[in-house]
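Please read the structure below before turning to the comments.
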Amino acid sequence: KQEVTQIPAALSVPEGENLVLNCSFTDSAIYNLQWFRQDPGKGLTSLLLIQSSQREQTSGRLNASLDKSSGRSTLYIAASQPGDSATYLCAVKSAAGGTSYGKLTFGQGTILTVHP
Amino acid sequence: AAGVIQSPRHLIKEKRETATLKCYPIPRHDTVYWYQQGPGQDPQFLISFYEKMQSDKGSIPDRFSAQQFSDYHSELNMSSLELGDSALYFCASSLGSGAGDTQYFGPGTRLTVL
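Chains A and B, in that order, give the protein sequences. The opening position of the first sequence corresponds to residue 11 in this note's numbering, with each subsequent residue numbered one higher. The opening position of the second sequence corresponds to residue 367 in this note's numbering, with each subsequent residue numbered one higher.
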């Protein structure tokens, strides 16, 4: 059974800092990994998707890397802003088992606070 | 760009009542997923459909059922509601379910069971 863990559970940084969020997963047989942002009580916004054959993806100030063999991904946020404050979730789409493909298994999330 | 539409956005029910949640995927998307997110929890996969057929099943209670219709919209039917069913229910859609297929999430339906 795939398990996804995110570290740290919460992070508070001053505006302008670069930061790294970590995600690890137990089963390396994955199709892809997605990073999401969730504001309190709101929906999930997809930030980046990394396919299992890729090493990283970039979008603006965000860069996500994937090391499938070690079961790790990082989300790097450059020059953080107060508007980046949210919960960041990583989720993996497992390839193992055949019948389980398609669904996402989520981590518990990292609550990020960027203060002015 | 069109997004995933969920209705209703908020729903309040009494214990033992029934509820129906609706999901309208992004046009041309053929795969729909349902997730449940309890307070302070991460989203948990319930069930998915590909081309109107159930493709995978997660931790969905027997009291719940779902289907995908010919126009690709999906409905999650919940019966004999319990207090523990109070959660945010997300629908997501994708075009196919391969490695490069991003799942796009709707805004969610917040169900409160009193």
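The C-beta atom is built at its ideal place from N, Cα and C for all residues, glycine as well. Computed from a prediction, not measured in an experiment: that's the story for all the values here.
With 16 as the cutoff for other CB atoms within 10 Å, does A:L54 come out buried or exposed? Position 44 of the first sequence holds residue 54 of chain A. A:L54 should be labelled buried.
Taking C-beta to C-beta, are B:Y455 and B:L447 nearer than 8 angstroms? As a position in the second sequence, residue 455 of chain B is number 89, starting the count at 1. As a position in the second sequence, residue 447 of chain B is number 81, starting the count at 1. In this structure, B:L447 does not lie closer than 8 angstroms to B:Y455 by Cβ.
Unbroken stretches of the beta strand (DSSP E), 3 residues or longer, contained in the stretch 392–424 of chain B: Listed in chain order, they are 397–403, 410–416, 419–423.
Please confirm if B:Q469 has its CB atom under 8 angstroms from at least one CB of chain A. To locate residue 469 of chain B, count along the second sequence from 1; it is residue 103. With 8 angstroms as the cut-off, B:Q469 counts as an interface residue toward chain A.
What three-state label does DSSP hand B:P473 in the structure shown? Sequence index remark: in the second sequence, residue 473 of chain B carries index 107 (1-based). It is coil, neither helix nor strand.
May I ask which residues mark the beginning and end of the beta strand (DSSP E) holding A:N148? Only positions 11 to 126 of chain A appear in this structure, which leaves residue 148 of chain A out of reach.
Going along the stretch 401–413 of chain B in order, which residues come within less than 7 angstroms of chain A, judged by CB to CB distance? Hits within the stretch, in order: D408, P409, F411.
Under 8 angstroms, do A:Y98 and A:W45 count as touching if we go by C-beta distance? Locating residue 98 of chain A in the first sequence gives position 88, counting from the first residue. Locating residue 45 of chain A in the first sequence gives position 35, counting from the first residue. A contact, by the Cβ cut-off of 8 angstroms.
Buried/exposed call for A:V30, threshold 16 Cβ in 10 Å: As a working note, residue 30 of chain A is residue 20 in the first sequence. It is exposed - the Cβ of A:V30 has fewer than 16 other Cβ atoms within 10 Å.
Should B:F415 and B:S445 be called a contact, given that it needs their Cβ atoms to be closer than 8 angstroms? Taking the first residue of the second sequence as position 1, residue 415 of chain B is located at position 49. Taking the first residue of the second sequence as position 1, residue 445 of chain B is located at position 79. Remark: C-beta atoms of B:F415 and B:S445 do not approach each other more closely than 8 angstroms.
Buried or exposed: B:A458, going by 16 or more other Cβ atoms within 10 Å of its Cβ? By 1-based counting over the second sequence, the position of residue 458 of chain B is 92. Answer is buried; the Cβ neighbour count reaches 16.
Only counting the same chain, and skipping five residues up and downstream in sequence, which positions put a Cβ closer than 8 angstroms to that of B:L377? Translated into positions along the second sequence, residue 377 of chain B becomes position 11. For B:L377, same chain residues with a beta-carbon under 8 angstroms away, outside a window of 5 residues either side, are A385, L387, T475, R476, L477, T478 in chain order.
Opening and closing residue of the beta strand (DSSP E) in which A:I17 lies: Along the first sequence, one-based indexing puts residue 17 of chain A at 7. That run of the beta strand (DSSP E) goes 14–17.
Helix, strand or coil for A:T109 per DSSP? For the purposes of this step, residue 109 of chain A is identified with residue 99 of the first sequence, where counting begins at 1. Legend: pLDDT at A:T109 = 49, less than 50; position of this residue unreliable, value from coordinates given subsequently. Secondary structure at A:T109: coil, using DSSP grouped into helix, strand and coil.
Would you verify that the beta carbon of B:F435 is, or is not, closer than 8 angstroms to some beta carbon of chain A? Counting from one through the second sequence, the residue named residue 435 of chain B turns up at place 69. Cβ-Cβ to chain A under 8 angstroms: no for B:F435.
Residues of chain A with CB closer than 8 angstroms to the CB of B:P473, please, in chain order. On the second sequence, residue 473 of chain B is found 107 positions in, with the first residue counted as 1. Within 8 angstroms Cβ-Cβ: K52, G53.
Name the residues in the stretch 53–78 of chain A whose C-beta lies less than 8 angstroms from a C-beta of chain B; which are they? Result list: G53, L54, T55, S56, L59, Q61, S62, S63.
Does DSSP classify B:L449 as helix, strand or coil? Within the second sequence, residue 449 of chain B is the residue found at index 83, counting from 1. Residue state, collapsed to three classes: helix.
Going by Cα to Cα distance, which pick from B:S373, B:H395, B:Q433 is closest to B:L412? Position 46 of the second sequence, counted from the start, is the residue given in the question as residue 412 of chain B. Sorting B:S373, B:H395, B:Q433 by C-alpha distance to the C-alpha of B:L412 places B:Q433 at the top.
Give a yes or no on contact between the stretch 12–21 of chain A and the stretch 116–125 of chain A, applying the rule of three or more CB pairs nearer than 8 angstroms. The stretch 12–21 of chain A is in contact with the stretch 116–125 of chain A.
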